[in-house]
Structure formats: C-alpha cells, structure tokens
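Going by UniProt numbering, 124 is the number at position 124 of the sequence shown; the sequence numbering is gapless. We treat Cβ as the ideally placed atom computed from N, Cα and C, and that holds for glycine. Here's the structure we're looking at; comments come further down.
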Amino acid sequence: MNRLLDMITALGKAALNSVQAAGAIALFGLNGVSHFVRPPFYWRAFFSNLVEVGFFSLPVVALTAIFSGGVIALQSYTGFAQFHVKSAIANIVVLAVTRELGPVLAGLMVAGRVGAAMAAEIGTMRVTDQIDALKTLSTNPMKYLVAPRLMAGLIALPLLVIVADILGVMGGFIVSVVKLDFMPSLYINATLDALKPDDVMVGLVKAAVFGFIIALMGCYKGYYSKGGAEGVGAATRTAVVSSSILLLAFDYLLTDVFFAQ
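Okay, here's the thing in structure tokens:
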C-alpha cells in the first residue's frame with residue numbers, strides 16, 4: 001500500500017513539475033514576444049541571428065530535403081508498382097514534402113544546430129555573469145538576447161522550408177526521371193496538378209511555429225542554466241531534446257487542426 005502511495009505521489013509531483021515548467025516557458029516566451037513591439041530595437045542582433053539561423057542552416061536543410069524527396073519517390077515506387085499506380089508518385093512526393101517532411105525535417109535539423117548553439121551561447125553568458133553585466137549597463141537581457149533570436153527563428157525557418165519544399169520535390173523528380181524512367185514532362189505536369197497553395201501555406205505556418213519553439217527552448221534553457229560548464233552542456237542537451245519533442249507534438253496538433261475532417 002505504501003509503495004502504491006509513493007508511486008501516486010511521485011506521479012503527482014512529476015505532473016505538477018511539468019505544468020510549472022510549461023507555465024514558466026510560456027511566460028518566458030510571452031515576455032520575449034512583448035519586446036517585438038517595444039523600443040529600443042536591436043536590429044544588428046536580429047539580422048545576425050537571422051543569418052545564423054537561416055543562411056548557415058541552408059546546406060544541411062538543402063541536402064536533407066533533396067535526399068528525402070528521392071527516398072519518398074523510391075519507396076512510393078516499390079509500393080505503387082504492385083498496384084500499377086506508379087503515376088501517383090509525384091502526388092505523394094508533393095504532399096509529403098510540402099505538408100510534413102519539409103517543415104519537420106528542416107525543423108529537426110535547425111533544432112540540432114541552432115537550438116544547441118543558442119543554449120550554449122546564452123548559457124555561457126549566464127554562468128560567466130555576462131547577463132548580470134548587461135543589467136548593470138541598463139540593457140534588458142530579454143530584449144537584447146532573447147527577442148532577436150525568437151524573431152529570427154520565427155522568420156528564418158519558413159524561408160528555409162520554402163527552399164526545402166523546392167529541393168525536396170526536385171529530389172523526387174531527379175530520382176523518378178533518372179532511375180525510375182519517368183517522362184520529365186508527365187512528372188512535371190503531375191507535380192503541378194498535385195501542388196496546392198493551401199498545403200504550402202500550412203507547411204509555412206508549421207515552420208513559423210517550429211522556428212519559434214526552437215529559439216524559445218534554446219533561449220530558455222540557456223538563460224536559466226547554472227553549474228558552470230557542466231550546466232551549460234546539460235542546458236544544450238535538454239534544449240535540443242525538448243525542442244525536438246515539442247516540434248513533433250505541435251506537428252501533430254497543427255495537422256489535426258488543418259486537415260482533420
């Protein structure tokens with residue numbers, strides 16, 4: 001009986017801690033967003049983070065998108081060939097890339113690269129008292145460190161997803177034409193018929209949400225890190241893991257909102 005009560009107590013504490021953490025993260029995010037419209041604006045910090053999140057993430061996102069599109073085409077071919085509906089491959093590639101794989105894979109790549117970097121950079125500033133130094137200089141750390149990163153994530157990831165969508169569809173086209181012997185003109189026509197603006201827009205909405213989540217978790221974990229270098233390492237690790245899990249969870253929620261019948 002005591003063991004059962006201990007288990008229930010532990011579960012209750014875990015649930016309360018989870019709710020408390022979610023509330024703290026939400027308030028942190030709202031505080032950061034509130035500085036989007038309140039001067040002063042640190043445009044140099046914003047553009048620097050925009051380049052870091054967007055431009056320098058472009059190679060890994062591009063390669064991931066191309067190979068993912070090619071894999072979808074190959075896997076679709078092996079399945080559809082049994083039912084003599086190989087012509088549907090272009091449709092599957094377009095739908096999979098624009099609705100799901102474009103935003104999700106780009107988000108995961110950026111989470112691993114940028115989320116970790118944000119947590120490490122801000123965490124290092126925290127444990128070396130640089131954030132406290134900003135306060136003594138009458139500089140709001142939320143406005144100078146957090147708000148530019150949140151805005152950069154919100155804007156940069158949709159731009160990356162546009163590139164990922166184009167290259168993902170192109171990867172499917174290359175594999176289908178070169179390896180699977182599709183006629184280029186027929187494949188392009190099927191792709192254009194399957195391409196719907198609504199699907200692209202949903203993918204971009206997902207990307208904006210994912211970019212905000214990645215920046216939010218990186219900033220939050222870094223901002224409240226403690227314990228020296230070991231604490232910064234732990235903050236970096238948890239930032240990547242938590243942002244990846246939240247990304248997939250919100251992907252399901254947004255898919256349910258936009259596509260549920």
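Query, Result
"Sorted by chain position, which residues of the same chain lie with C-beta nearer than 7 Å to Gly112's C-beta, five sequence neighbours on each side aside?", "Val240"
"Kindly list the residues whose CB is nearer than 7 Å to the CB of Pro148, restricted to its own chain and excluding five residues on each side of it in sequence; keep chain order.", "Tyr42, Ala45, Phe46 and Asn49"
"Taking 6 Å as the limit between beta carbons, can you name the residues of its chain near Ala190, skipping five residues before and five after?", "Ala90"
"Counting along the chain, where does the alpha helix (DSSP H) carrying Thr9 start and finish?", "Asn2 to Ser34"
"Under three-state DSSP, which class holds Asp181?", "coil"
"Apart from the five residues just before and just after Cys219, which ones in its own chain have a Cβ nearer than 8 Å to its Cβ?", "Phe28, Gly32, Met118, Ala119, Ile122, Leu145, Val146, Arg149 and Leu150"
"State buried or exposed for Asp199, treating a residue as buried only when at least 16 other CB atoms are found within 10 Å of its CB.", "buried"
"Kindly list the residues whose CB is nearer than 6 Å to the CB of Phe258, restricted to its own chain and excluding five residues on each side of it in sequence; keep chain order.", "Val202"
"Could you check the C-alpha separation between Met217 and Arg237 for me, to the nearest Å?", "11 Å"
"One question on the structure: do Gly168 and Gly102 come within less than 7 Å of each other, judged by their Cβ atoms?", "yes"
"How would you label Ser57, buried or exposed, when you count the other beta carbons within 10 angstroms and need 16 or more for buried?", "buried"
"Flag this pair as yes or no: are the beta carbons of Tyr54 and Ala164 separated by less than 7 Å?", "In the sequence as presented, Tyr is not what sits at residue 54; that position holds Gly. Contact: no."
"Assuming Leu74 and Val175 are in contact, meaning their beta carbons sit under 8 Å apart, how far apart are those beta carbons, in whole angstroms?", "6 Å"
"Alpha carbon to alpha carbon, how far is Phe182 from Pro39? Give it in angstroms, no decimals.", "56 Å"
"Which word fits residue 262, buried or exposed, when buried means at least 16 other C-beta atoms lie within 10 angstroms of its C-beta?", "Any property of residue 262 remains undetermined from this structure, which presents the chain solely from 1 to 261."
"Is it true that the CB of Leu108 sits closer than 7 Å to the CB of Ser244?", "yes"
"Is it the case that the Cβ atoms of Val161 and Ala106 are separated by a distance below 7 Å?", "yes"
"For Leu154, collect the residues of the same chain with a Cβ closer than 8 Å to its Cβ; drop the 5 residues on either side in sequence, then sort them by chain order.", "Ala208, Gly211, Phe212 and Ala215"
"Given a threshold of 16 other Cβ atoms within 10 Å of its Cβ, counted over all protein chains shown, does Ile8 qualify as buried or as exposed?", "exposed"
"For a quick check, are the C-beta atoms of Gly69 and Val97 less than 7 Å apart?", "yes"
"Whole-angstrom Cβ separation of Gly222 and Ala235, contact assumed at under 8 Å?", "6 Å"
"How many Å lie between Gly12 and Asn2 at the Cα?", "15 Å"
"What residue ranges within the segment 99-151 form continuous beta strand (DSSP E) runs of no fewer than 3 residues, ordered along the chain?", "none"
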